[in-house]
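Residue numbers (our numbering): 32 to 190. Idealized CB from N, CA, C, for every residue including glycine. Just so we're clear, the structure is a prediction, and the values are computed from it rather than from any experiment.
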Amino acid sequence: MSNSDAQDNPGTIRGELGPLLFITIIFLVNFIARVILSPLMPTVEKDLALSHTYAGSLFLFIYLGYVAGLLGAGIASYYLTHRMNIVLSAAVVGLALLEIASSRSLWGIRLGLFFIGIGSGIYLPSGIASITSLIKMQHWGKALAVHELAPNLGFLVID
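1) Does the beta-carbon of A127 have 16 or more other beta-carbons within 10 angstroms, so that it is buried, or is it exposed?
2) I54: buried (16+ other C-beta within 10 angstroms of its C-beta) or exposed?
3) Quick one: what does DSSP say I67 is sitting in, helix, strand or coil?
4) Around the Cβ of A174, are there at least 16 other Cβ atoms within 10 angstroms (buried) or fewer (exposed)?
5) Compare the C-alpha of A121 against each of F62, I106, L52, F186 and name the closest.
6) Indicate the three-state DSSP secondary structure (helix, strand or coil) for A127 in the structure shown.
7) Check for me: the alpha helix (DSSP H) holding A99 runs from which residue to which?
8) Just how far apart, CA to CA, sit D190 and T112?
9) From E76 to L137, what does the alpha carbon distance come to, in whole angstroms?
10) Contact check, I149 vs A86 under 8 Å by CB: the rounded distance?
Here it is in structure tokens:
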């Protein structure tokens, strides 16, 4: 069966598998950037000589950014398309990771983590909307199941 046959046949999802996997990989990277700090926290506390309170504040900044990103996702998608929101999310997370890697202060790390949260928050509504617009309605369950493999795979990758 050729690719064009797969797109024309309503009984298969093969024609949309490429874009679906691409969006899922973006979600995987996005998710890993948000949760990688948890298993590394004992090492981060030791290397940066942080107390549990200061280490906990790093999580606070991630999730403050995540809430801001989720709340701002609707506004961003109003001015941009959902696909552009996904690109924006990937760019924000990537730049935030570079900021954290080059940071020389705890506040620089916190700022980077805040922007990781923002990028992650912007992604989720646009990712789901993009999948449901790309995939035929009868395949939404399969497509969303593939998309939601990213968090589970992310936990396997970081542990």
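The structure says:
1) Result: buried.
2) Result: buried.
3) In the structure shown, the three-state DSSP call for I67 is coil.
4) Classification for A174: buried.
5) Selected option, being the one with the closest Cα: F62.
6) When DSSP states are grouped into helix, strand and coil, A127 belongs to the helix group.
7) Here the alpha helix (DSSP H) through A99 covers 83–110.
8) Taking the straight line from one Cα to the other gives about 35 Å.
9) Near 12 Å, if we compare the C-alpha coordinates of L137 and E76.
10) Contact flag wrong, Cβ pair sits at about 21 Å.
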